[in-house]
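Protein chains in written order, with the working numbering: chain Z, 1 to 347; chain R, 348 to 694.
Glycine included, every Cβ here is placed at the ideal spot set by N, Cα and C.
The structure under discussion appears below in the form of structure tokens.
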DNA sequence: CGAGCCTCTGTGAACGTTCCCAGAGTAAAC
DNA sequence: GTTTACTCTGGGAACGTTCACAGAGGCTCG
């Protein structure tokens, strides 16, 4: 239970803010009608509307959110739960873009986005409590994992929500995602089309749908040519996984001539190891990544990769929550957005 | 004026949340005393406190923020105004770390951080209006520029605020920053100590304190050896500025053997150009950056740079706002935090 | 011309807190 | 034994909105 630093005296210093009563008095229109104007409701005469709008401008009226929330039993706020260790939040440009897309849609609809970042189990419980407390009308949850207390709270309370990337153990909650399998299959096919015959993969995060499905797409694309010996896997989508993975792949098959990296960061690590080993890219080895993050253009040669529609993911998730708030039934199951291959010079 | 999608029926579906009245009824203690317990006020008997706490647990009571805000005339929310074009928000790891530091301090003090990202002039006016509207009790403003309407609104209203990085035209507002001049001077000195004789700088953002002061520090470190011909400047802290700048410097003096880049991104661009020009790093040319961003470790060889205490910046700014809310007078002027040199392999 | 419907308006009540005041009880001081 | 001070409690009033209801006035239709 939080403590507050003693009783604060009722504000005497700051000037009193104008209320709806002031607007009513100045305009000579009743409080009820002022409220109707404010909320764009029908059944307001042109005359009244103009008088009210002038009065609002004159007294500098701004609506008191707290009073409105109190009576409507709503907060007009939606939580964006970012469910990653801090380091990853900062590294992954997709998260930033999702955030911006969400923010755009919500502020357009006059909802306030409240960003909640969690790092530890303790944070997770606190946020679950926050959701239960009715501080927000809905929630957008980024990259939850199986067994997540937040997903649990959402399912229990039935509050409007949308997941970006679906936790594997709650398939009935609404989510937005990309078709990782199809995208991985597509880019692998295109890599094969450059004439490579010994193609491997540095997989990652197999405990998540994204990691799991990218591997599945790769496998599907290779068909009979699939060689499990040319797949290595590491827990995290990061540079060092790429470096370690590439060293291992070169050890297993020095003649490897194509690599699908499960993320751009991994691809960057792999490329540096390849260069140190004296391989030319793309002449000796072709390499492709996934995400179209800032890594992709930083690599030399520039990386061919799969573009995630991160902004659209954020927008659609926000829209899904707004739809539920408007009374639509929550869609059970997910919506997968299309990706795009960005073909550059690395393969 | 926003429109709302018709009158929502007064919630009949969701179960009614427990109120302070329920707690009072269950515990047999009056509403007034329950409120005192909730707020940790003195003059509550042990007996009453225990009864109330049990009742709270029993009925699952969570305080209604809207009602509290309405009567206290406070929102218990603090705005974090991120004042950058989107691309930079995503690129600059310092911003993410500042955000995390701020969030940590505020949530510890039971304040909600509301992140407002602005991209355009229009956003800027909207946020100024938001601040005026009393939706937040205070604000933390990141990297405002001169003539900013938000800085203006803050100065006019006198709401508790703290700037991270100070706008040059409002020197009396409280701010937190780093000592760019001293840091730049320090790292330049250290670069000179590696025996370089022809040292240049790729400067940037001279319209901001950070850019301006880094150049000043560089100049001071070189003293009599300063050669204005070896300084180039570009508006933005970005990779392409480094690439362009390095080409220009090489043109002006092919024998240049040291470079201070005003940011890590700039350094990365410069390094790639140097490599293409056949220069070895650090043997032929030593290079240092600024920020200790993710760029620094991505470079090869790893970049020597200045570490910004971004987390601490965020924490101190938050603390400054909380102090003002607690009634302390706003400090006029700024507080500069120390930086640290991270010496790696690029010089 | 009266009934019925639509448009528009004003007002009372409620939302769930905190603040303030009055007062009861107990202990300490005179 | 009376005053004074302190601790603790209960309940009225207020915060600024929205919602529901009642009702006035005008128009249309039978």
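Within the same chain, show all residues whose beta-carbon is closer than 6 Å to that of residue i, passing over the 5 residues directly before and after it, in chain order.
{"i": "residue 27 of chain Z", "result": "51, 52 and 55"}
{"i": "residue 444 of chain R", "result": "657 and 658"}
{"i": "residue 547 of chain R", "result": "577, 596, 603 and 606"}
{"i": "residue 142 of chain Z", "result": "82, 83 and 164"}
{"i": "residue 1 of chain Z", "result": "Here residue 1 of chain Z scores only 30 on pLDDT, less than 50, and its place in the model should not be relied on; the value that follows carries that caveat. Closer than 6 Å at the Cβ level, and outside the excluded window around residue 1 of chain Z, lies no residue."}
Quick one: give me the first and last residue of the alpha helix (DSSP H) that residue i is part of.
{"i": "residue 373 of chain R", "result": "367-374"}
{"i": "residue 248 of chain Z", "result": "239-252"}
{"i": "residue 393 of chain R", "result": "393-406"}
{"i": "residue 32 of chain Z", "result": "31-38"}
{"i": "residue 412 of chain R", "result": "412-419"}
For residue i, which residues in the same chain have their Cβ closer than 8 Å to its Cβ, ignoring the five residues on either side in sequence?
{"i": "residue 406 of chain R", "result": "365, 369, 370 and 373"}
{"i": "residue 648 of chain R", "result": "628, 629, 691, 692 and 693"}
{"i": "residue 292 of chain Z", "result": "264, 305, 306, 307, 308 and 342"}
{"i": "residue 409 of chain R", "result": "364 and 365"}
{"i": "residue 404 of chain R", "result": "none"}
Taking the straight line between their C-alpha atoms, what separation do you get for residue i and residue j?
{"i": "residue 680 of chain R", "j": "residue 502 of chain R", "result": "13 Å"}
{"i": "residue 392 of chain R", "j": "residue 513 of chain R", "result": "49 Å"}
{"i": "residue 270 of chain Z", "j": "residue 244 of chain Z", "result": "8 Å"}
{"i": "residue 242 of chain Z", "j": "residue 504 of chain R", "result": "52 Å"}
{"i": "residue 188 of chain Z", "j": "residue 317 of chain Z", "result": "28 Å"}
{"i": "residue 510 of chain R", "j": "residue 491 of chain R", "result": "8 Å"}
{"i": "residue 428 of chain R", "j": "residue 279 of chain Z", "result": "47 Å"}
{"i": "residue 321 of chain Z", "j": "residue 77 of chain Z", "result": "11 Å"}
{"i": "residue 670 of chain R", "j": "residue 483 of chain R", "result": "15 Å"}
{"i": "residue 351 of chain R", "j": "residue 294 of chain Z", "result": "Confidence is the limiting factor: at residue 351 of chain R the pLDDT is only 31, short of 50, which leaves the residue's position unreliable and the question unanswerable from this model."}
{"i": "residue 34 of chain Z", "j": "residue 20 of chain Z", "result": "7 Å"}
{"i": "residue 396 of chain R", "j": "residue 384 of chain R", "result": "6 Å"}
{"i": "residue 132 of chain Z", "j": "residue 94 of chain Z", "result": "28 Å"}
{"i": "residue 545 of chain R", "j": "residue 564 of chain R", "result": "17 Å"}
{"i": "residue 486 of chain R", "j": "residue 116 of chain Z", "result": "18 Å"}
{"i": "residue 620 of chain R", "j": "residue 258 of chain Z", "result": "28 Å"}
{"i": "residue 296 of chain Z", "j": "residue 40 of chain Z", "result": "47 Å"}
{"i": "residue 32 of chain Z", "j": "residue 498 of chain R", "result": "36 Å"}
{"i": "residue 600 of chain R", "j": "residue 225 of chain Z", "result": "55 Å"}
{"i": "residue 288 of chain Z", "j": "residue 202 of chain Z", "result": "10 Å"}
{"i": "residue 102 of chain Z", "j": "residue 465 of chain R", "result": "14 Å"}
{"i": "residue 685 of chain R", "j": "residue 290 of chain Z", "result": "39 Å"}
{"i": "residue 568 of chain R", "j": "residue 452 of chain R", "result": "37 Å"}
{"i": "residue 326 of chain Z", "j": "residue 107 of chain Z", "result": "16 Å"}
Quick check on residue i: buried or exposed, where buried means 16 or more other Cβ atoms within 10 Å of its Cβ?
{"i": "residue 585 of chain R", "result": "buried"}
{"i": "residue 208 of chain Z", "result": "buried"}
{"i": "residue 314 of chain Z", "result": "buried"}
{"i": "residue 675 of chain R", "result": "exposed"}
{"i": "residue 413 of chain R", "result": "buried"}
{"i": "residue 30 of chain Z", "result": "exposed"}
{"i": "residue 615 of chain R", "result": "buried"}
{"i": "residue 47 of chain Z", "result": "exposed"}
{"i": "residue 240 of chain Z", "result": "exposed"}
{"i": "residue 228 of chain Z", "result": "exposed"}
{"i": "residue 353 of chain R", "result": "Residue placement at residue 353 of chain R is flagged as unreliable, the pLDDT there being 31, under the threshold of 50; the coordinate-derived value follows with that caveat. Residue 353 of chain R should be labelled exposed."}
{"i": "residue 390 of chain R", "result": "exposed"}
{"i": "residue 195 of chain Z", "result": "exposed"}
{"i": "residue 507 of chain R", "result": "buried"}
{"i": "residue 286 of chain Z", "result": "buried"}
Apart from the five residues on each side of it in sequence, which residues of its chain come closer than 7 Å, Cβ to Cβ, to residue i?
{"i": "residue 149 of chain Z", "result": "124, 125 and 128"}
{"i": "residue 553 of chain R", "result": "559, 562 and 580"}
{"i": "residue 250 of chain Z", "result": "256 and 277"}
{"i": "residue 100 of chain Z", "result": "311 and 314"}
{"i": "residue 533 of chain R", "result": "688"}
{"i": "residue 153 of chain Z", "result": "128, 131 and 132"}
{"i": "residue 335 of chain Z", "result": "176 and 316"}
The beta strand (DSSP E) with residue i in it runs from where to where?
{"i": "residue 233 of chain Z", "result": "231-234"}
{"i": "residue 429 of chain R", "result": "424-429"}
{"i": "residue 684 of chain R", "result": "681-684"}
{"i": "residue 341 of chain Z", "result": "340-342"}
{"i": "residue 464 of chain R", "result": "459-464"}
{"i": "residue 607 of chain R", "result": "605-608"}
Taking the runs of the alpha helix (DSSP H) that are 4 residues or longer, which of them lie wholly in the region 621-674 of chain R? Fully contained in the region 621-674 of chain R are the following alpha helix (DSSP H) runs of length 4 or more, in chain order: 641-645 and 657-672.
Unbroken alpha helix (DSSP H) runs of length 4 or more, entirely within the region 490-563 of chain R: which are they? Entirely contained in the region 490-563 of chain R, the alpha helix (DSSP H) runs reaching 4 residues are, in chain order, 496-504 and 527-539.
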